[in-house]
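2 protein chains.
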Amino acid sequence: MLSDVMEDYLKAIYQLQRETDDRIKTSEIAEELDVTSPTVTSMLDKLEDRELVDREKYRGVTLTDEGETVALEIVRHHRLLEAYLTEHLDYDWSEVHAEADRLEHHISEDFEARVADALGEPEVDPHGSPIPSADLEPPTRPEGKSIAEFEEGTVVTVAEVADRDPEVLSYLAEHGVEPGVELEIIEIAPFGMVTARSSEADDPVSLPESVASHVWVAAPAEPEA
Amino acid sequence: MLSDVMEDYLKAIYQLQRETDDRIKTSEIAEELDVTSPTVTSMLDKLEDRELVDREKYRGVTLTDEGETVALEIVRHHRLLEAYLTEHLDYDWSEVHAEADRLEHHISEDFEARVADALGEPEVDPHGSPIPSADLEPPTRPEGKSIAEFEEGTVVTVAEVADRDPEVLSYLAEHGVEPGVELEIIEIAPFGMVTARSSEADDPVSLPESVASHVWVAAPAEPEA
DNA sequence: TGCCGAGTTTAGACGGGTCTAACCCTAAAG
DNA sequence: CTTTAGGGTTAGACCCGTCTAAACTCGGCA
């Protein structure tokens, strides 16, 4: 049996791996989980003993297949919960993350199945993030780009908003930046700030690079304009 | 902040207190929580430090008002969850206990409020047990008797089935013993076994004293027959 | 090639929750 | 009033997850 904390580490490594595609360093995990580096090192020892991570001392870790499966299970729980809370308990898009973070470790397989069923086996959560399937096969990374990578003047459709900060999410929602909306990229400043107009809002919104890079657009099936 | 484990102890003490109305002894708590006596003693030290229990060494504990409030909060969570799982996620009456036991420590005030709202502020859970109100005032103990305390031939209405064992609950449900049904007491054997016929089942059912004592009947408002 | 700094790991401590073994108190029986 | 059995508490150990302080490694730069 794995502890909640171990699950958190595996999930963190998984998510960092999705972002960087490289070995994950101690300090990155420490940052992500808000603990010190030695704490991470000792946990990595334990995860290595259980063959949940591959490790090279001083050079970071990657998940083993088994570790990845565990991480996917937790991510599935998390995203199903987010979807359920918004659909059936009237939570706002921006509020669900913290609640799901606490609950994700404590639901049974049975609960997971019932929630998935109640939602009709959804494929994405309210932020547009893909929900791992019940078989926990590693999803192929969907192609996609952040809105910061487009030319000024382009109109794109938001697929995913990968931020977790509720304040940021509220702000984005207020300014019409949510999965599904169309965004016209108005300006990309030299320091990375993106200004865009949403189909759902009157005024344009400006987002610093750190936020804009979390707003993703699905790679279009090359609509031969 | 209280740990999950502390909450479990407070809840256990609360529930034992409902049953026995006396100081609760170390060994009773140990039994309830499936832990050894020294473990309970050391936990009681901590709860006493925090003024959540009143203690007399060698003679057991009672909850302080503050301890009772915490216990009521947990019980409220538990019973709301049980109600929600049966009403909205299609759980069976007999299955909800374990799931609620895990979740009860991890839901926010907000979640609690939304669940209560979705259910319409229910007053009892699926087992007929009263759900503490949101203000966490200690409920006055409802009058009531177990079916073992009636004369043979009496017809009673089941108000609460206070067992927690899913196997026992399944068995009872199969034989028509659930909150709301009418039960005709057919026989009370000298060793305490109760045989009764449910309005919801064809054949009578016999219950050993240990089970029968958990099947409660609300004290009727003395219907002057 | 050798040094240096950033980042990682080791060493050692601590609080939480649990255990077993040993000791001690309480209350009931004589 | 004394004994004793049963149960409660103390003592001491262990694992978990965390920390700080100190030692070490890697890789870039002189």
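Quick mapping for you: the protein sequence lines, in order, are chains W and Y.
Quick note, the numbering used here runs 393 ahead of the 1-based positions in the first sequence.
Quick note, the numbering used here runs 393 ahead of the 1-based positions in the second sequence.
We put the CB at the ideal spot given by N, CA and C, even for glycine.
As the structure is a computational prediction, the values presented were derived from the model and not from experiment.
Taking a cut-off of 8 angstroms on C-beta distances, the stretch 527-545 of chain W touches the stretch 445-465 of chain W, as three or more cross pairs fall below it. Contact note: Asp-595(W) does not reach chain Y at a C-beta cutoff of 7 angstroms; the least C-beta distance is about 31 angstroms.
Legend: CB atoms of the stretch 441-474 of chain Y lying less than 7 angstroms from CB atoms of chain W are not found in any residue. Collapsing the DSSP output to three states places Lys-538(Y) in a strand.
Around the beta-carbon of Arg-534(Y), fewer than 16 other beta-carbon atoms lie within 10 Å, marking it exposed. Cβ contact annotation for Val-489(W) (same chain, cutoff 7 angstroms, sequence separation greater than five): Glu-475, Leu-478, Thr-479 and Pro-519, in chain order.
Within the same chain, and ignoring the five residues on either side of Glu-444(W) in sequence, the residues whose Cβ sits closer than 7 angstroms to its Cβ are Thr-457 and Glu-459. With distances taken between CA atoms, Ile-540(W) lies nearest to Ser-603(W) out of Leu-482(W), Glu-441(W), Ser-603(W) and Asp-401(W). Under the 7 angstroms criterion on CB atoms, Leu-482(W) is classed as interfacial with respect to chain Y. Judged by DSSP secondary structure, Glu-530(Y) falls outside any alpha helix (DSSP H); it is assigned neither H nor E. Contact of Ala-511(Y) with chain W by beta-carbon distance below 9 angstroms involves His-481, Leu-482 and Asp-483. With at least 16 other beta carbons inside 10 angstroms of its own, Val-454(W) counts as buried.
Taking every protein chain shown into account, the CB of Pro-525(W) has 16 or more other CB atoms within 10 angstroms, so this residue is buried. Within the stretch 495-506 of chain W, the residues whose Cβ lies closer than 9 angstroms to any Cβ of chain Y are, in chain order, Arg-495, Leu-496, His-498, His-499, Ile-500, Ser-501, Asp-503 and Phe-504. Listed in chain order, the non-local C-beta contacts of Glu-545(W) below 7 angstroms within the same chain comprise Ile-578, Ile-579, Glu-580 and Ile-581, local neighbours out to five positions each way being set aside. DSSP places Ala-611(Y) within a strand segment (E or B) once states are collapsed to three.
Chain W places a beta carbon closer than 7 angstroms to that of Glu-492(Y), counting this residue as a contact. Take the alpha-carbon of Ala-555(Y) and the one of Leu-426(W): they are about 42 angstroms apart. For the pair His-470(Y) and Glu-400(Y), the CB atoms are not nearer than the 7 angstroms cut-off.
For Thr-479(Y), the three-state secondary structure derived from DSSP is helix. Between Leu-437(Y) and Arg-448(Y) the beta-carbon gap is near 6 angstroms, inside 8 angstroms, which marks them as a contact.
When the alpha-carbon of Tyr-402(W) is set against those of Thr-413(W), Ala-594(W) and Val-428(W), the nearest one is in Val-428(W). For Glu-580(W), the three-state secondary structure derived from DSSP is strand.
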